[in-house]
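A.B. asks:
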Amino acid sequence: YGFGTPKMVHVVYIVKLLVLYVVGGLFVATATSGLGPFWDVAAWWPELIVYEKLILWTVLLETLGLAGSWGPLAAHFKPMTGGFRYWARPDTIRLPPWPDKVPFTRGDRRTVGDVALYLAVVAVAVAALVAPTVTRTGVDLVNPVLLLTLIGLLIVMGLRDKVVFLAARSEQYLPALVFFAVLGPVDLVIALKLLIVTVWIGAGVSKFGRHFSRVVA
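Take a look at the structure:
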């Protein structure tokens, strides 16, 4: 309930989750992989490419500002969407992580080049979702060339602006994208299991501290 948010706001979040992520994500993942209708769960449930594309769909939504950091519970009121409305616009604020150490990253204003870089990240994420699959060890997977391109663009974007890098949840999804690009199906499943356990244990441990009682609330 937080700071007294109207209950209607929580309903908006639930609707967004169901429509944009569950229905939208599963529709895109199955329709672009030739796996039939998304409501036929038995047809796609064991397919690794569906997991890959759901991760890519999540990365795309986060990069657009439509996922975790969206709406009133993330201090976005009017309008509820920040994200691409600022990151795709020149002369908005950016925060390079190491401006004195990394060449060509100084400054706190977004340039046309930064906007182009951001739009390239979005475009490659979309391309990875809809491009034809590549068969590796008898399993259909996302094209690794597109994944490696997306990884490189995310890293370069992060050196120019850590805000967009963190908003895309790169600390969680970049390792997954690397696994998608370089590992075979069996090793990929093992690596993804290790990653998700590491992320959630890290998320839990990070809550221990003086603020713990507020975290629980």
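Quick note: the sequence shown uses our numbering, first residue 8, plus one each step. Quick reminder that beta carbons are idealized off the backbone N, C-alpha and C, glycines included.
(1) Quick check on this structure: which residue in G72, L27, Y20, A36 has the alpha carbon closest to the alpha carbon of V170?
(2) Three or more C-beta pairs closer than 8 Å, one from the stretch 155-173 and one from the stretch 40-52: is that the case here?
(3) My output table needs one value for T140: the three-state DSSP class, helix, strand or coil.
(4) Can you list, in chain order, the residues of its chain with a C-beta nearer than 7 Å to that of A198? Leave out the 5 residues immediately preceding and following it.
(5) If E54 and V149 are in contact, beta carbons under 8 Å, what's the gap, nearest whole angstrom?
(6) Who pairs with V149 in a beta bridge, going by DSSP?
(7) Pick from D147, G145, A174, A135: whose alpha carbon is nearest that of T156?
(8) R221 by DSSP, collapsed to three states: which one?
(9) So what's R101 in DSSP terms, helix, strand or just coil?
C.D. replies: The relevant details are as follows:
(1) Checking every option, the nearest Cα to that of V170 belongs to G72.
(2) No, the stretch 155-173 is not in contact with the stretch 40-52.
(3) Residue state for T140 is assigned as coil, using DSSP reduced to three classes.
(4) Result list for A198: F186, L190, in chain order.
(5) 12 Å between Cβ atoms; not a contact.
(6) Bridge partners of V149: none, in fact.
(7) For the residues D147, G145, A174, A135, the minimum Cα distance to T156 belongs to A135.
(8) DSSP places R221 in helix when its eight states are reduced to three.
(9) Looking at R101 - three-state DSSP - the assignment turns out to be coil, as it is neither helix nor strand.
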